[in-house]
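In terms of this note's numbering, the sequence shown is numbered consecutively and its last residue is 236. Working notes, structure below.
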Amino acid sequence: LQTMTSTVQFQCSCGDTKPGESVFVVGSSSPLGSWFPDRAYPLRTTATEFPKWTSAPLLHDPQSSVEFKFIVRRDGSTDVRWEPIGGNRSFSLAFGQSLQVGAEWGDEGSLTVTNLEVDYSVRTPVAADIPVQASYQMNAPLVTKNSLALSPGLDTSPAGGSGCVPACAPKEMLTPRRRRMDRQAFILSSSGSMSQFYRQVKKIGQGTWGAVHEVVHKTTGALRAAKVIPKVFV
Numbered sequence: 003l004q005t006m007t008s009t010v011q012f013q014c015s016c017g018d019t020k021p022g023e024s025v026f027v028v029g030s031s032s033p034l035g036s037w038f039p040d041r042a043y044p045l046r047t048t049a050t051e052f053p054k055w056t057s058a059p060l061l062h063d064p065q066s067s068v069e070f071k072f073i074v075r076r077d078g079s080t081d082v083r084w085e086p087i088g089g090n091r092s093f094s095l096a097f098g099q100s101l102q103v104g105a106e107w108g109d110e111g112s113l114t115v116t117n118l119e120v121d122y123s124v125r126t127p128v129a130a131d132i133p134v135q136a137s138y139q140m141n142a143p144l145v146t147k148n149s150l151a152l153s154p155g156l157d158t159s160p161a162g163g164s165g166c167v168p169a170c171a172p173k174e175m176l177t178p179r180r181r182r183m184d185r186q187a188f189i190l191s192s193s194g195s196m197s198q199f200y201r202q203v204k205k206i207g208q209g210t211w212g213a214v215h216e217v218v219h220k221t222t223g224a225l226r227a228a229k230v231i232p233k234v235f236v
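Dropping the structure here:
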């Protein structure tokens, strides 16, 4: 599955909030509200994570320079407190890149930009809180001339010079094998039907355990990749 766009996640360390107030990020791009505070993107925190506020990953088109600031306001309120710094913060975003952009509230020199690596491990994603990304369990290894003990007479001519053995490779090397999954690989963050929280958009892939669909969170609008796995395999 090829990443169709870039993503950015924001973090802000801010203890300058009152009950009912939240931290938002607003900026020069359309996904960041085009400097309109009522269109700002929300960050969230918990009692254990405060004063660190974190946003869900935001789909964003690649741009050479994106300017932004953090603000504090109440949901639905027009009263806004802008981050007390002299200028705007900024970052650049390349195609297919996933960034985490963080800063200390009011500290101009605290900006950090981290390039996030896509995790291609065998862990199975859950739809609770993961960004859209490729995540497959590769049960059948890639068969190459160097990794396969060839039988006499086996045709090994590569298709298009790729060096991979074609469909005449042994059947057991080409057939995916499904194993039972460890329950500890799952994180129970919510209960109930997934359709209560997410709206299904389209199918984006097929794995050993089932189909992967693009879904949208009904409340936050965050885009996710979701796979439904029968409990019999867990």
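Built from N, CA and C at the ideal position, the CB exists for glycine as well.
Inter-residue Cα distance where the pair is residue i and residue j
i: A96; j: E85; result: 26 Å
i: A213; j: S100; result: 24 Å
i: R19; j: D81; result: Correcting the residue type first, residue 19 is Thr in the shown sequence and not Arg. Answer to the nearest angstrom: the Cα atoms are 13 Å apart.
i: K220; j: T9; result: 19 Å
i: Y43; j: Q208; result: 32 Å
i: T114; j: I206; result: 32 Å
i: G17; j: S197; result: 35 Å
i: T116; j: L60; result: 15 Å
i: W37; j: V28; result: 6 Å
i: T222; j: S92; result: 24 Å
Same chain, Cβ closer than 6 Å to residue i, five either side skipped, listed in chain order
i: S15; result: P53, K54, E106
i: S31; result: V68
i: R83; result: V74
i: E23; result: V74, R76
In DSSP terms, what residue i is bridged to
i: K205; result: H215
i: T56; result: Q13, R46
i: K229; result: V214
i: L101; result: V10, N117
i: Q65; result: L95
i: S24; result: R75
Own chain residues within Cβ distance below 7 Å of residue i, not counting five before or after
i: V217; result: A129, Y200, R201, Q202, V203, R226, A228
Proximity to residue i [Cα-Cα], best of the options
i: G111; options: S94, L118, G89, S66; result: G89
i: T47; options: V230, L118, I231, F12; result: F12
Same chain, Cβ closer than 8 Å to residue i, five either side skipped, listed in chain order
i: S94; result: Q65, S66, S67, V68
i: I87; result: K71, G108, D109, E110
i: F26; result: P39, A42, Y43, P44, L45, F72, I73, V74, R75
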